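Student: Mind having a look at this structure? Questions to follow.
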Amino acid sequence: MNYDLAVIGGGAAGMMAAGRAGEKGAHVLLLEKNDRLGVKLVITGKGRCNVTKAEFDVRKFVGQLGQNGKFLFSALHKFSPQDTMDFFESRGVCLKIERGQRVFPVSGKAKDILEVLLKYLKINSVDVLAKAEVKDLIIKNGKIEKIILCDGKEFIAKNYAICTGGKSYSDTGSTGVAFQWLTRVGHAIVAPSPALVPVIVREKWIKELEGVSLKNVNIKVFQNGKKQCERFGEAIFTNNGMSGPIVLDLSKKIGELLKSNEVELGIDFKPALNFENLDKRVQKDFSELKNKIFKNSLGMLLPKKLIFIFVRLSGIDETKKINNVTKDERKRLVHLLKDFRLKVKSLDGFNKAIITSGGVVLNEIDPKTMRSKIIPNLYFAGEIIDLDGPTGGFNLQIAWSTGFAVGDNFQTGCILY
Ligand SMILES: Cc1cc2nc3c(=O)[nH]c(=O)nc-3n(C[C@H](O)[C@H](O)[C@H](O)COP(=O)(O)OP(=O)(O)OC[C@H]3O[C@@H](n4cnc5c(N)ncnc54)[C@H](O)[C@@H]3O)c2cc1C
């Protein structure tokens, strides 16, 4: 078969690229190494799929993606968060916007999103081949001539799109193998690193807090005694550190900082109150509990598991009557509540990372078409590109927009290179 486009990788980006190219009339082959498409897609958003971010101002959207964000301008203009919502809603998936402008299917099922894409591929006559692991790209005269699968089969197409994702959650299929092919064919790769990843801390007792979730807290990141960044929202303690939306969002910056020096987290458990007001609140609580012992007096301030740790770290005798707690001791407690320090040991690895930061360098890709500037019949979409965003639907939108940009280039009978 002589295909107009062979898409490697049947994740969010690959399915969108292949479906759109098929819709434009191209003869398309989609190769996926798993026995089915969208293995990662169905676990997104804890199985609910945060399909996009309802941020309809393109400038604000790219502003959230850091320095590399402006690369996405054209692709977002072509296929914006509104287009994503229209795409799925017009195909029968009702969507809802939750807190933080996060968009989910009303059904709460990521599978509904996958179903739409599978139909999109079928309706547009895309040839889908599962259990088809691409081993290598063969270059001839500066162009990709063919691709070879691990089982020895070969496929020839006029154009090729690499949508193999990053290196995160490799059990879903994204192992980062394409970075090796691409380095060999002359593309520069920004070294992949885990991003949106939990943080491991040095404090061993942290495992006692495993599973304790925190709402409406503020976490600050410190280096050399200076605050570097902060986030407000939800977090959770793990068996070796911290995770949850705000920790994941801070992880990229923490990773950068760790390259130069030690990093500390400072949790403010009561960000709505400044030190003085919190101290007043504690005094009021204490006046109502004056005959209780210290360890039984913190229930109104903290979850149970945290109380044990607070009692220990405050240095206050747990059996002391509240009446006898000194002003200094109380201030120590308030200090812990406002600035609970943890020393960061490292970021967790790729297998716990929601996404991979790094990938194909942006100045080697045409932002309008996602076409390689080095190999004329090669395209990229999704996480393989050196572009990533915070939690909240940004990363799937990157996959939809770049996938659509790839597919949109093709017309019936086209020869693009
Ligand atoms: C647990 C988790 C939850 C997430 N939740 C959200 C969320 O709610 N919202 C959001 O915006 N983002 C979320 N993300 C991020 C989002 O899933 C990714 O950004 C997105 O899936 C990237 O799409 P992709 O198509 O580029 O890569 P992938 O989805 O990783 O797809 C790549 C595909 O390529 C295939 N492949 C790889 N190598 C080969 C090969 N050699 N031959 C053939 N096929 C190959 C893989 O098997 C895979 O199917 C989440 C990620 C994780 C891990």
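Using the UniProt record's numbering, you'd call the opening residue of the sequence shown number 1 and step up by one each time.
The beta carbon of each residue, even a glycine, is placed where N, CA and C say it ideally should be.
This one's a predicted model, so the numbers in the text were calculated from it and none came from an experiment.
Starting from residue 223, follow the beta strand (DSSP E) in both directions and report where the run begins and ends.
Tutor: Within the sequence shown, numbered from 1, the residue matching residue 223 stands at position 223. Taken as a continuous stretch (DSSP letters only), the beta strand (DSSP E) holding residue 223 covers 213-223.
Student: Please work out which residues of its chain come closer than 7 Å, Cβ to Cβ, to residue 85, disregarding the five sequence neighbours upstream and downstream, and give them in chain order.
Tutor: In the sequence shown, residue 85 corresponds to position 85, counting from 1. 52, 95, 103.
Student: In terms of DSSP beta bridges, what is residue 98 paired with?
Tutor: The residue you call residue 98 lines up with position 98 of the sequence shown. 102, per the DSSP bridge assignment.
Student: Cβ of residue 395 versus every heavy atom of ligand 1: is any distance shorter than 7 Å?
Tutor: Along the sequence shown, one-based indexing puts residue 395 at 395. Yes - ligand 1 has a heavy atom lying nearer than 7 Å to the Cβ of residue 395.
Student: Counting along the chain, where does the beta strand (DSSP E) carrying residue 159 start and finish?
Tutor: Sequence index remark: in the sequence shown, residue 159 carries index 159 (1-based). Following the DSSP letters along the chain, one finds residue 159 inside the beta strand (DSSP E) bounded by residues 154-162.
Student: Nearest by alpha-carbon distance to residue 336: which of 121, 177, 275 is it?
Tutor: Indexing the sequence shown from 1 puts residue 336 at position 336. The candidate whose alpha carbon is nearest that of residue 336 is 275.
Student: Quickly, what does DSSP pair residue 166 with across the bridge? List them, please.
Tutor: By one-based count along the sequence shown, residue 166 stands at place 166. Residue 166 is not bridged to any residue.
Student: In its own chain, which residues sit with a C-beta less than 7 Å from the C-beta of residue 68, not counting the 5 before and 5 after it?
Tutor: For the purposes of this step, residue 68 is taken as residue 68 along the sequence shown, with counting starting at 1. Excluding residues within five positions, the ones whose Cβ falls inside 7 Å are 362, 386, 387.
Student: What are the start and end residues of the beta strand (DSSP E) that includes residue 38?
Tutor: Taking the sequence shown and counting its residues from 1, the one referred to as residue 38 is at position 38. First-last for residue 38: undefined, no H or E at that position.
Student: Can you pull the DSSP bridge partners for residue 184?
Tutor: Residue numbering aside, residue 184 sits at position 184 when the sequence shown is read from its first letter. According to DSSP, residue 184 bridges with nothing at all.
Student: Looking at ligand 1, does it come within less than 7 Å of residue 132, judged from the CB to the closest heavy atom?
Tutor: Locating residue 132 in the sequence shown gives position 132, counting from the first residue. Residue 132 Cβ: within cutoff of ligand 1.
Student: Determine the DSSP secondary structure at residue 62, reduced to helix, strand or coil.
Tutor: Walking along the sequence shown from the start, residue 62 turns up at place 62. Three-state DSSP puts residue 62 in a helix.
Student: Residue 268 to residue 340, Cα distance in whole Å?
Tutor: Indexing the sequence shown from 1 puts residue 268 at position 268. Indexing the sequence shown from 1 puts residue 340 at position 340. When rounded, the distance between both Cα atoms is 7 Å.
Student: Taking DSSP as the reference, what is the three-state secondary structure of residue 312?
Tutor: Sequence index remark: in the sequence shown, residue 312 carries index 312 (1-based). Helix, per DSSP.
Student: What is the DSSP secondary structure of residue 194, counted as helix, strand or coil?
Tutor: As a working note, residue 194 is residue 194 in the sequence shown. If DSSP states are grouped into helix, strand and coil, residue 194 belongs with the strands.
Student: Taking 7 Å as the cut-off, is the CB of residue 33 close to at least one heavy atom of ligand 1?
Tutor: Within the sequence shown, residue 33 is the residue found at index 33, counting from 1. Yes, ligand 1 has a heavy atom inside 7 Å of this Cβ.
Student: Starting from residue 74 and walking both ways along the alpha helix (DSSP H), at which residues does that stretch end?
Tutor: Here residue 74 refers to the residue found at position 74 of the sequence shown. Residues 73-78.
Student: Hey, how far is the Cα of residue 405 from the Cα of residue 182?
Tutor: Position 405 of the sequence shown, counted from the start, is the residue given in the question as residue 405. Position 182 of the sequence shown, counted from the start, is the residue given in the question as residue 182. If I take the Cα positions, the gap works out to 20 Å.
Student: Which one or two residues does DSSP pair with residue 130 in a beta bridge?
Tutor: In the sequence shown, counting from the first residue as 1, residue 130 sits at position 130. None, per the DSSP bridge assignment.
Student: Can you tell which of 396, 384, 402 has the C-alpha that lies nearest to the C-alpha of residue 174?
Tutor: As a first step, residue 174 must be located in the sequence shown, where it is residue number 174. The option with the nearest alpha carbon to residue 174 is 384.
Student: Let me know the beta strand (DSSP E) ranges lying completely inside the stretch 219-257, each 3 residues or longer, listed in chain order.
Tutor: 226-237, 241-243
Student: With hydrogens ignored, establish whether the beta-carbon of residue 41 is closer than 7 Å to any heavy atom of ligand 1.
Tutor: Reading the sequence shown from its first residue, position 41 is the one you call residue 41. Yes, since a heavy atom of ligand 1 falls inside the 7 Å radius drawn around the Cβ of residue 41.
Student: Could you check which residue in 304, 27, 305, 298 has the C-alpha nearest to that of residue 316?
Tutor: Taking the sequence shown and counting its residues from 1, one reaches residue 316 at position 316. Measuring from the Cα of residue 316, the nearest candidate turns out to be 298.
Student: Do residue 396 and residue 161 have their C-beta atoms closer together than 8 Å?
Tutor: Within the sequence shown, residue 396 is the residue found at index 396, counting from 1. Within the sequence shown, residue 161 is the residue found at index 161, counting from 1. Contact check for residue 396 against residue 161 fails: the beta carbons are separated by 8 Å or more.
Student: For residue 49, does the count of other Cβ atoms within 10 angstroms reach 16, so buried, or fall short, so exposed?
Tutor: The sequence position of residue 49 within the sequence shown is 49, counting from 1. Within a 10 Å sphere around the beta-carbon of residue 49 sit 16 or more other beta-carbons, which makes this residue buried.
Student: When you measure from the CB of residue 399 to every non-hydrogen atom of ligand 1, does any distance come out below 7 Å?
Tutor: The residue given as residue 399 occupies position 399 in the sequence shown. Flag set: Cβ of residue 399 near ligand 1.
Student: In this structure, does DSSP put residue 349 in helix, strand or coil?
Tutor: For the purposes of this step, residue 349 is taken as residue 349 along the sequence shown, with counting starting at 1. Residue 349: coil per DSSP, three-state reduction.
Student: In three-state DSSP terms, what is residue 285?
Tutor: Sequence index remark: in the sequence shown, residue 285 carries index 285 (1-based). It is helical.
Student: Just checking, does the stretch 38-48 make contact with the stretch 359-378 on the three C-beta pairs under 8 Å criterion?
Tutor: no
Student: Report yes or no: do the stretch 107-118 and the stretch 133-142 share at least 3 C-beta pairs separated by less than 8 Å?
Tutor: Cβ pair count under 8 Å is below three, so no.
Student: Is the beta carbon of residue 261 closer than 8 Å to that of residue 200?
Tutor: Position 200 of the sequence shown, counting from 1, holds the residue named residue 200. Position 261 of the sequence shown, counting from 1, holds the residue named residue 261. Result no, Cβ atoms of residue 200 and residue 261 do not sit closer than 8 Å.
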